[in-house]
Each structure stands twice: as C-alpha cells, then as structure tokens.
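Chains as they are written, first to last, in our numbering: chain A, 1 to 336; chain B, 1 to 336. See structure below.
2 protein chains.
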Amino acid sequence: MSKRQVVILRRRPVGAPTADIFAIEEDAIPEPAEGQVLTRTIFLSIDPYMRGRLSDAKSYAAPVPIGGMMEGETVGEVIASRDPGFAPGDVVVGPRGWASHLVSAAKFLVKLPRNGAPLSNYLGVLGMPGTTAYSGMTDIGQPKAGETVVISAASGAVGAVAGQLAKRAGARVVGVAGGAEKCLFVQETLGFDECIDHRALDLKAALTDACPNGIDVYFENVGGELQRLVFPRLNAFGRVVMCGMVAEYNDTEPRPGPNLMMVVRNRLRIQGLIVSDKPERFAEWRALATPWVRDGSLKYREDIVDGLENAPDALIGILGGRNFGKLLVRVGADPA
Amino acid sequence: MSKRQVVILRRRPVGAPTADIFAIEEDAIPEPAEGQVLTRTIFLSIDPYMRGRLSDAKSYAAPVPIGGMMEGETVGEVIASRDPGFAPGDVVVGPRGWASHLVSAAKFLVKLPRNGAPLSNYLGVLGMPGTTAYSGMTDIGQPKAGETVVISAASGAVGAVAGQLAKRAGARVVGVAGGAEKCLFVQETLGFDECIDHRALDLKAALTDACPNGIDVYFENVGGELQRLVFPRLNAFGRVVMCGMVAEYNDTEPRPGPNLMMVVRNRLRIQGLIVSDKPERFAEWRALATPWVRDGSLKYREDIVDGLENAPDALIGILGGRNFGKLLVRVGADPA
Numbered sequence: 001m002s003k004r005q006v007v008i009l010r011r012r013p014v015g016a017p018t019a020d021i022f023a024i025e026e027d028a029i030p031e032p033a034e035g036q037v038l039t040r041t042i043f044l045s046i047d048p049y050m051r052g053r054l055s056d057a058k059s060y061a062a063p064v065p066i067g068g069m070m071e072g073e074t075v076g077e078v079i080a081s082r083d084p085g086f087a088p089g090d091v092v093v094g095p096r097g098w099a100s101h102l103v104s105a106a107k108f109l110v111k112l113p114r115n116g117a118p119l120s121n122y123l124g125v126l127g128m129p130g131t132t133a134y135s136g137m138t139d140i141g142q143p144k145a146g147e148t149v150v151i152s153a154a155s156g157a158v159g160a161v162a163g164q165l166a167k168r169a170g171a172r173v174v175g176v177a178g179g180a181e182k183c184l185f186v187q188e189t190l191g192f193d194e195c196i197d198h199r200a201l202d203l204k205a206a207l208t209d210a211c212p213n214g215i216d217v218y219f220e221n222v223g224g225e226l227q228r229l230v231f232p233r234l235n236a237f238g239r240v241v242m243c244g245m246v247a248e249y250n251d252t253e254p255r256p257g258p259n260l261m262m263v264v265r266n267r268l269r270i271q272g273l274i275v276s277d278k279p280e281r282f283a284e285w286r287a288l289a290t291p292w293v294r295d296g297s298l299k300y301r302e303d304i305v306d307g308l309e310n311a312p313d314a315l316i317g318i319l320g321g322r323n324f325g326k327l328l329v330r331v332g333a334d335p336a
Numbered sequence: 001m002s003k004r005q006v007v008i009l010r011r012r013p014v015g016a017p018t019a020d021i022f023a024i025e026e027d028a029i030p031e032p033a034e035g036q037v038l039t040r041t042i043f044l045s046i047d048p049y050m051r052g053r054l055s056d057a058k059s060y061a062a063p064v065p066i067g068g069m070m071e072g073e074t075v076g077e078v079i080a081s082r083d084p085g086f087a088p089g090d091v092v093v094g095p096r097g098w099a100s101h102l103v104s105a106a107k108f109l110v111k112l113p114r115n116g117a118p119l120s121n122y123l124g125v126l127g128m129p130g131t132t133a134y135s136g137m138t139d140i141g142q143p144k145a146g147e148t149v150v151i152s153a154a155s156g157a158v159g160a161v162a163g164q165l166a167k168r169a170g171a172r173v174v175g176v177a178g179g180a181e182k183c184l185f186v187q188e189t190l191g192f193d194e195c196i197d198h199r200a201l202d203l204k205a206a207l208t209d210a211c212p213n214g215i216d217v218y219f220e221n222v223g224g225e226l227q228r229l230v231f232p233r234l235n236a237f238g239r240v241v242m243c244g245m246v247a248e249y250n251d252t253e254p255r256p257g258p259n260l261m262m263v264v265r266n267r268l269r270i271q272g273l274i275v276s277d278k279p280e281r282f283a284e285w286r287a288l289a290t291p292w293v294r295d296g297s298l299k300y301r302e303d304i305v306d307g308l309e310n311a312p313d314a315l316i317g318i319l320g321g322r323n324f325g326k327l328l329v330r331v332g333a334d335p336a
C-alpha cells in the first residue's frame, strides 16, 4: 500500500506559531469513494488566513483539530477518479489539505485548462487571492477615477491585484509594503503611483505626504499601526475593505482599534469580506482576468518554496511578511 | 426698532462645555430680503450633534464662529415674508439659529399643517431625529424578523424611533438607557423587548444575558464602554449604524476604539450616517410616520425646557444624558 506525506497540527500556538506545533507524518494514500477523486498535489497555497485555523477562537470556519491535517487549497493532478466528470491526468484546483495526496468530493473541484496560465496562478492571481481582491473592490471599495486608494501588503497576492484594479478604475494608488525591494516592485512592476515602506522612520509623515487629498478607499490586509494612521485620513464617504489584519493575527490579546468618531462624521463604510461568501465570484474573476494575465497587463509575483516539509516554515514566514509575492509550496512535479 | 434675543458662542470649550462659553445678547430683528422670510421662534431643537459645532475640528459642517449665533433647527411662525410661498401666520420648520427671531431663505422652510401633529413633533419624532432613525434603519441597519437589535440611548429622540422601527420589522429589540425610569419607559411605553440600564454594575453581563443569540444590528448613538462591549458580540453579517457617539463628544483626546478583527471574521458592515446627506428622506418620513403618530402606534416623549436663556444649560445636559426624551426649548408661544 502506497504512502503519502501529511502535515498535521500537534498543538495550538500561543502568539507566533513555531515549527514544532506541526509534524510531518506518513499514512496510507486514501481510496476515493463513489463521487470522489484522488489527486497528487502539485502546488499548495499558503495564506495568512491559515493562522485563524490554528486557534480555536470563534470564527467563520472551524479550527483544524489537534492531530488533524492542516487546511489549505491545492492544485493537483487526478490519479484516480470515481466521478464521471474527472479522469486521471486532469489537473484541478480545489483539493484541500497539506498533503502529497488528497481525496475530494468531485463537486469541490474545478478542472483547469491545459495550455492555460501556469498552474500556480490558479492559487494566486487567478485563484482565491485574486478573487478576494476583485470581490473586495467590486462590492465594497468601488474606487472611482481621481480617488486616492491605499493598499496595505501591496506586494502580496491580494494587494497586488487590488491595487491594479484600482488603477484600472482611474484612481491614484498608494501601496504600503515592507522594505525597499518590495516597494520598487510595487511601483515599477505593478505600476502603483507610490509605495510607502512601512518600516519608514515616520510612517505617519510618509502617509500624509503620499495622500495630500486624503484617502477614499483603504484595502486593509494588515491592521496594526497603519490602520490607526489611515482611519483619521479617510475622506467623507470613504470605504474600507476589511480583508485581513495579518499584523495582529499572532496577538494573544486584541489591541485597541481606531476611534470610530470619524465613521460618523465622514460617513465611512467599514466592511468585512470573506471570499467564500460569494462563490460565484471565482469563475467570474477567472473569466475576467485570464486574458489580462495572458496579455501581460495584470502583473503578479509568486514566491515558491519547494517541498511539503517546508510548508510550516512558509506559514510562519508569511505571518511576519517574509514572503515576497504569492506564497506557494511546490509539493509535486508539474505535469508535462 | 424691535429687538430680538440671540445666543452667541463666546469661546470654544475644552472638554465639557460650561454655561459661560455662551452669552445671550440683544440685537435688532433682521429684515427679510427678497426671497426671505422672518419668523418668530416657537421651539428650538437641542441635539447632541451641536457639540461638534462648538469645536473647530474638521467635520462635515463648519463650526459656529466665535461671536456668532449658535446653530440649531427651529419651528417658527412667519411674521413677515418676501416670498410668495409664505404669509404671516404660517408655521414652518427649518429656520436655523438660537434666537427669538430668524430670517431664512424661503427654500429651506417647510410649511406645517394646522391641525396636524403638535408643532414640537416636527423637531422630534417627525423631524430630524425621527428621519435619522428611519434613514439609518432603511439604508444600513435593515433589521429582519427574528434578529436581535441593540439600540443605545434608547429613550432619546433617535433611539426611540429606531427601536420601534426594528420592532415593526419583527426583530427582538434591546434598548440601553441610563437609569431605571428611562428603562421602564423604553420597555413599557416604547415596547422594546428589554432595556439595560447602562449604569448597571455589570454592563457586560447584562448585555450578554439580554442577547443570548448575539447581536445582528447595533444602532450606535453613544460610543463609550457600550460600543466596546457590543462589537465582539456582533453576529456574522452584523450591521452597525454609526449615528453618534455622545459619550465621547467632550473628550479632548480620542479614546481607543474596538479592535476590528471581528469586522473581517464576521463580515460586519460599520457605516456612518448624517441625515442631511439624503434630504429626500425628511418628507418621506413625515408622510410615513404622521399616521402612526396620529393613531398612537409610534410612541415618543419630549422634554421641553422653557426660555431661550436656558438653551445653553439644556445642551450641556444632553451631553451628559440629563434629558429624558426629545429635548426642546420653548422660545415663544404656540399660535392658537
């Protein structure tokens, strides 16, 4: 009987996760039941939301149980199928779990085109993070020509797309990222109007300088000091897309937030977003953005780590902003 | 030449306003120019938003200038008109200012029906506060049958209407008010399901007990401790109508707000509201609510102070919750 590699959660972290809360184990490759599909994993997506799955705090999704397999989306190749819609050799996005092989209900899988975009794209620019940016800007941010839009974690998988959508809408787009290299990428490659290094000595002054007309839309991925500086600078009828607060995910106690008086005075709209609430957006975004990826007008960057055994360290790294672009683990070879 | 009484702002307060920042002066009754109307004031409305007009902090409306007349909405009787739409003896809502006589552009005035509701109602349940509650619930709160709705300052002019609208929508409505007398009124007269005295020893426990299924809609009038307790109790897709934060209006430094992580996790919508942004709502609400006031199904309470000279003290009082119901100053006699 063949074996697979699986990453399991051994215990819950207090504060920042450490590698020893995870373990890599071997178990038997599961057999697909009727209506199920067995895949070998090609890419595993690593995303900040996974920090939430490590904790048993009340959230929109159940935590990973202790001793259970870590949660995450993959692209894989079908190696056995008991569903008429899939056959060995098909490549799919949708199997979930940190493992070299996964069994999934066929209904959760989407078959990917051969000769399409690189497979990694379906976990990044064309996948969950891209769709998150698209949903957030479509339903909440709604940037307009001439408005000022600030994007936190601007070089990341979500921020990069969110900012480019705001540019397409004619807005002035200011990114915030960590370090000179990321900022250069955000301005030169992604084409944002400005990028602030949040490690700048005086973030407040940098933000004020970059946004002389205030801020109309803030796409929030990080929280922390930046959030507290952005809120008082929001203009009348400003919108905040509350997508994530990665800088605070490792906190053991919630830190104080911004005073909300300006929400009244400036009629702000502060709204949270979880991409899975509108599943129809995934196909909508793939259809819209695939031509942009193909013609090179939608830029992205991927940060690919090799080997499932490095997934825990990758997750620890993304929570500290150590990645540069969409973070993925290459678990198995790309099919020829 | 006849004289009028005017309340002017002598200097800006630091923290809680005191009576000596105001002065009552006499000046000549102004003459209406072409297109203007002169009224004698019957009722002056006193509202928490007026605290904002005392400060020169950036806001949606210009501050009252030092030495200038205080700002506020009145009901008055026309005593001279240079506009064909108004004649002496007409009663109107709309003249603005803390004065016994006011000159206004005719376009800002609305003629009130004789034999209609009591004139004071047009500054309260049928006026700006009622319209604020209606706009907030229609555009943001959108309470649904079976949901839990929490209303702060529940016995106040806005809260009383907001809660009754939520009851009409079939929601379970929990008011929060200061003191046993107000709470009795909120439950017995307004018909809310429960009312919490925010002076209760353990507000947190009282709120948890009153909202066993969490909170779906919060109508925010006060801020302060209550806001920080409500936010973590908001359910998925909860809405917060950010109408006011009277408990913090006298603060000299903004206090920390609630942590916003739950805005992401629970896809909350936190949105500010200024009633004048949608002026069409005023007539809409008067038409909708006048029959309800007439048939007694929409309850309200008014707190009427006599004499323009008592307006400063009334404003100081409302900022500390000393009023009980819609606060008004009777400046002149009701016409027979």
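The beta carbon of each residue, even a glycine, is placed where N, CA and C say it ideally should be.
Please say whether Val-150/B and Leu-207/B have beta carbons closer to each other than 9 Å?
-> Taking 9 Å as the Cβ cut-off, Leu-207/B and Val-150/B qualify as a contacting pair.
List, in order along the chain, the chain B residues whose C-beta lies closer than 7 Å to that of Glu-248/A?
-> Met-261
Report yes or no: do the segment 247–266 of chain A and the segment 216–234 of chain A share at least 3 C-beta pairs separated by less than 8 Å?
-> yes
Do the CB positions of Ile-24/A and Glu-253/A come within less than 9 Å of each other?
-> no
Contacts that Ser-59/B makes with chain A (C-beta to C-beta distance below 7 Å) | Arg-265
Spatial distance of Met-69/B from Leu-54/B (CA atoms) | 11 Å
Would you call the CB atoms of Asp-47/A and Leu-327/A closer than 9 Å?
-> The answer is yes: Cβ separation under 9 Å.
In the segment 263–292 of chain A, which residues sit with their C-beta less than 7 Å from some C-beta in chain B, listed in chain order?
-> Going along the segment 263–292 of chain A in chain order, one finds Val-263, Val-264, Arg-265, Asn-266, Arg-267, Leu-268, Arg-269, Ile-270, Gln-271, Gly-272, Leu-273, Ile-274 and Asp-277 with a Cβ nearer than 7 Å to chain B.
Which residues in the same chain as Ser-2/B place their Cβ atom closer than 7 Å to its Cβ, once the five residues preceding and following it in sequence are excluded?
-> Short of 7 Å from the beta carbon of Ser-2/B, and not among the five residues preceding or following it, lie these beta carbons of its own chain, in chain order: Ile-29.
Starting from the beta carbon of Met-245/A, find every residue of chain B whose beta carbon is closer than 8 Å, and list them in chain order.
-> Within chain B, the residues near Met-245/A are Leu-260, Met-261 and Val-264.
Is Val-91/B helix, strand or coil by DSSP?
-> strand
Should the segment 128–140 of chain B be called in touch with the segment 307–325 of chain B, which here means at least 3 C-beta pairs below 8 Å?
-> Judged by Cβ distances under 8 Å, the segment 128–140 of chain B makes no contact with the segment 307–325 of chain B, as fewer than three pairs qualify.
Kindly indicate which residue of Pro-129/A, Gly-76/A, Ile-316/A and Arg-11/A has the alpha-carbon position closest to the one of Phe-108/A.
-> Gly-76/A
When DSSP labels each residue in this structure, what does Ser-276/A get in the three-state scheme?
-> helix
Does DSSP put Tyr-60/A in a helix, in a strand, or in coil?
-> coil
Look at the alpha carbon of Thr-189/B and the alpha carbon of Lys-167/B, and state the distance between them as a whole number of angstroms.
-> 13 Å
CB contact below 9 Å: Ala-236/A versus chain B | yes
Cβ-based neighbour list, Gly-244/A, same chain, cut-off 6 Å, excluding 5 preceding and 5 following = Pro-48 and Asn-221
Compute the Euclidean distance between the alpha carbons of Gln-5/B and Glu-31/B, then round it to the nearest angstrom.
-> 15 Å
Three-state secondary structure (DSSP) of Leu-363/B = Not covered by the structure: residue 363/B. The range shown for chain B is 1 to 336.
Note down the Cα distance separating Pro-279/A from Arg-267/B, rounded to an integer number of angstroms.
-> Cα to Cα, Pro-279/A sits roughly 15 Å from Arg-267/B.
Is there at least one Cβ from chain A nearer than 9 Å to Glu-147/B's Cβ?
-> no
So, Ala-160/B versus Ala-180/B, is the Cβ gap smaller than 9 Å?
-> no
Where do the N-terminal and C-terminal ends of the beta strand (DSSP E) with Leu-44/B fall, by residue?
-> 36–45
Say whether the segment 106–121 of chain B touches the segment 288–306 of chain B, bearing in mind that this needs 3 or more beta-carbon pairs closer than 8 Å, one atom from each stretch.
-> yes
Would DSSP call Leu-201/B helix, strand or coil?
-> coil
Measure from the C-beta of Gln-227/B to each C-beta in chain A and report whether the shortest distance is under 9 Å.
-> yes
For Cys-183/A, name the three-state secondary structure that DSSP assigns.
-> If DSSP states are grouped into helix, strand and coil, Cys-183/A belongs with the helices.
Separation of Tyr-122/B from Arg-286/B, as counted between CA atoms = If you take the alpha carbons of Arg-286/B and Tyr-122/B, they lie about 8 Å apart.
Is the Cβ of Pro-13/A closer than 9 Å to any Cβ of chain B?
-> no
C-alpha gap between Arg-330/A and Ala-19/A, whole angstroms | 19 Å
Would you mind stating whether Glu-194/B and Gly-175/B have Cβ atoms separated by less than 9 Å?
-> yes
Any Cβ of chain B within less than 9 Å of the Cβ of Glu-220/A?
-> yes
On the premise that Val-240/A lies in contact with Ile-270/A, defined as a C-beta separation below 8 Å, what is that separation, rounded to the nearest angstrom?
-> Rounded to whole angstroms, the Cβ separation of Ile-270/A and Val-240/A is 4 Å, and the two are in contact under 8 Å.
Interface partners of Gly-257/B on chain A, CB under 7 Å = Pro-256, Gly-257, Pro-258, Asn-259 and Leu-260
Establish whether the CB of Met-242/A and some CB of chain B are separated by less than 9 Å.
-> yes
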